[in-house]
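Okay, structure first, notes after.
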Amino acid sequence: TQLLEQSPQFLSIQEGENLTVYCNSSSVFSSLQWYRQEPGEGPVLLVTVVTGGEVKKLKRLTFQFGDARKDSSLHITAAQPGDTGLYLCAGAQGTSYDKVIFGPGTSLSVIP
Amino acid sequence: GAVVSQHPSRVICKSGTSVKIECRSLDFQATTMFWYRQFPKQSLMLMATSNEGSKATYEQGVEKDKFLINHASLTLSTLTVTSAHPEDSSFYICSAKTHRGFRNSPLHFGNGTRLTVT
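Protein chains in written order, with my numbering: chain G, 1 to 112; chain P, 1001 to 1118.
Right, dumping it as structure tokens:
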């Protein structure tokens, strides 16, 4: 079974600061997805990365997929209180790509 | 975009009773849906994969007789927590893909069901 690890587990920063969240595995994933979840709601997809070395930008968020497709990072520039939430990385498992497993998550709190 | 609707959003039941949670894909057909469980401040744990017209596939450690899954149509999957106990209290979330078998096809999630067993 492929496992995903995330770091840090918790992060509390001031508004305007930058941060990076990491997602790592000892296994190769066919694709990785990043989701953001707010309390009491389902996760919402931020991005999907499928190619080793791929970099995608979504406004102040930058996502990178490692060359070996075993790790990914999420960098947020000038964090805002609205970025507060649980960030989850998820990887497609198996040849069907349908079964998705989640990392343990990074709980981000941005203080005004 | 693809919408997954989950109902109810919250339910409180007494110990020993059964609770049914519905998951519907509103604007697409989903031959496969996924049920997750999430404890406070923790990640999502895959419980089972629901397959339309066939038996669900349960993850290791998940009791299939405890968590009954029925996927009777291409737009509806249900999870029934039977003989619920306080330890079953959790946040249950369903999800579906618009395109099976594609590695860049994301999961679309329902808004979850907060189950509290008293």
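The beta carbon of each residue, even a glycine, is placed where N, CA and C say it ideally should be.
Query	Result
Can you tell me the Cβ-Cβ gap for residue 32(G) and residue 46(G), rounded? I've got them flagged as a contact below 8 Å.	In fact, because the Cβ distance is near 11 Å, the residues do not count as touching under 8 Å.
On a Cα-Cα basis, can you pick out the residue from 105(G), 109(G) and 74(G) that is closest to residue 20(G)?	74(G)
Thinking C-alpha only, which one of 1026(P), 1086(P), 1022(P) and 1117(P) is nearest residue 1004(P)?	1026(P)
Does residue 28(G) get closer than 8 Å to chain C when you measure Cβ to Cβ?	In the structure shown, chain C does not exist; the protein chains are G and P.
With C-beta atoms as the reference, is residue 1048(P) less than 8 Å away from residue 1069(P)?	yes
Jot down the residue ranges of each uninterrupted alpha helix (DSSP H) in the segment 1033-1090 of chain P, minimum 4 residues, whole runs only, in chain order.	none
Could you give the DSSP three-state label for residue 82(G): helix, strand or coil?	helix
Whole-angstrom Cβ separation of residue 1029(P) and residue 1075(P), contact assumed at under 8 Å?	6 Å
List the residues of chain G that residue 1028(P) touches, going by C-beta distances under 7 Å, in chain order.	The contacting residues do not exist; residue 1028(P) stays about 15 Å from chain G at best.
So is residue 60(G) buried or exposed if we call it buried at 16+ other beta carbons inside 10 Å?	exposed
Roughly how many whole angstroms lie between the Cα atoms of residue 1040(P) and residue 1096(P)?	22 Å
Please confirm whether residue 1116(P) and residue 1089(P) have their CB atoms less than 8 Å apart.	yes
Could you give the distance in angstroms between the alpha-carbon of residue 1106(P) and the alpha-carbon of residue 88(G)?	13 Å
Select from 1111(P), 1098(P) and 1017(P) the residue whose C-alpha is nearest the C-alpha of residue 1033(P).	1098(P)
Note down the Cα distance separating residue 1052(P) from residue 1023(P), rounded to an integer number of angstroms.	13 Å
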